[in-house]
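To start, the structure itself, in structure tokens.
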Amino acid sequence: MVYKALFLDIDGTILKPDHTYTESTKDAIRQVKDQGVEVFLATGRPIHEISELAAELTIDSFIGYNGAYALYQKETIVDEPIDAAVIDKFVEIAKENNHEFVMYTNGGNYFSNLDSPIVKLFTEAFQMEHNETYTRAVNHQILGVTVMNVEASQPSLYEFDPAFHLSQVNVKGVENSYDIIRDTVNKGEAITKLLHRINVAKEEAIAFGDGMNDKEMLRAVGEGFAMANAHPDLFQYAKHRTTSVTDSGIYNGLKELGLVK
């Protein structure tokens, strides 16, 4: 099989818990790019927060906000803000239940309370820089939402619309945070649209992930890899299981396919 596209999650897949990546990961990306494979970052993070990493890895195509926005080089392929009325409802639920939240636009991260300890922990965990306090003035621009300080029994509060589900964040220290995912707007749907744009078959694409927000992505490609450190429920969606993010998981997975030396 000649593979033509590679989609990589960031946190827990490229980046280790200390926010660094192994040299083998960078080397593996270089090797597949040299073979003509298109490489994409595919993340729940906003695109404005990943430019430094992208430059280091020489990657210029992205899926951000869990699939709500996608760029192929400089061409916008997906741009799907959440309905403003739904955003207002999410804010109402968060306030009623003492949850914190962050709303992502194409240019900033809008938090419920920047002074909250859980918010500070979250911004440190994801090294977020473009942070502001949420106001309703941006409610029509929201591409993604994460809610924090959510008890295990509470995610269903936000699932009042069957088109939405919550996905637990698979990052140490912020496990009580959940991404709000749309069934029709996710990493997998974005991959399908990008593959159509670049005329690549599903079977010619590869993806690596570790969180439950990666389940659609791993099913949208021919070769889906779950990292050894993945959320336990993710393995059922992956064709392959590779080593952990701290043990060259991307390199070893690509080696299994014969793409790196």
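Oh and the sequence shown: position 254 is 254 in full-length UniProt numbering, straight run, nothing missing.
A virtual CB, placed ideally from N, CA and C, is assigned to each residue, including glycine.
Computed from a predicted model, the values in this text were never measured in an experiment.
How is residue i classed by DSSP in three states: helix, strand or coil?
{"i": "Y110", "result": "strand"}
{"i": "F164", "result": "strand"}
{"i": "L143", "result": "coil"}
{"i": "residue 273", "result": "Residue 273 cannot be examined here, being either before or after the span of the chain that is shown, 1 to 261."}
{"i": "F126", "result": "coil"}
{"i": "Y65", "result": "helix"}
{"i": "N131", "result": "strand"}
{"i": "L15", "result": "strand"}
{"i": "E223", "result": "strand"}
{"i": "I59", "result": "coil"}
{"i": "M1", "result": "coil"}
How is the alpha helix (DSSP H) around residue i delimited, first residue to last?
{"i": "V102", "result": "Not the alpha helix (DSSP H): V102 falls in the beta strand (DSSP E), residues E100 to Y104."}
{"i": "I87", "result": "A84 to E96"}
{"i": "G188", "result": "K187 to R197"}
{"i": "I29", "result": "E23 to D34"}
Tell me residue i's beta-bridge partners as DSSP assigns them.
{"i": "I250", "result": "None, per the DSSP bridge assignment."}
{"i": "Y72", "result": "E75"}
{"i": "A230", "result": "The partner list for A230 (beta bridge, DSSP) is empty, contrary to what the question assumes."}
Just tell me which of the options has its CA closest to the CA of residue i.
{"i": "A228", "options": "V245, M217 and A220", "result": "V245"}
{"i": "E129", "options": "S51, E203, V147 and Y21", "result": "S51"}
{"i": "residue 264", "options": "K261, I198, D210 and S116", "result": "Lying before the first or after the last residue shown, residue 264 is absent from the chain, which here runs from 1 to 261."}
Report the CB separation of residue i from residue j in whole angstroms; it is logged as a contact under 8 angstroms.
{"i": "K215", "j": "L195", "result": "Contact doesn't hold; Cβ gap of about 18 angstroms is too wide."}
{"i": "Q127", "j": "H48", "result": "Not really, about 12 angstroms apart at Cβ, beyond 8 angstroms."}
{"i": "I191", "j": "A220", "result": "4 angstroms"}
{"i": "I250", "j": "I14", "result": "7 angstroms"}
Could you check where the beta strand (DSSP E) with residue i kicks off and where it finishes?
{"i": "T76", "result": "E75 to D79"}
{"i": "E38", "result": "E38 to A42"}
{"i": "D179", "result": "Y178 to R182"}
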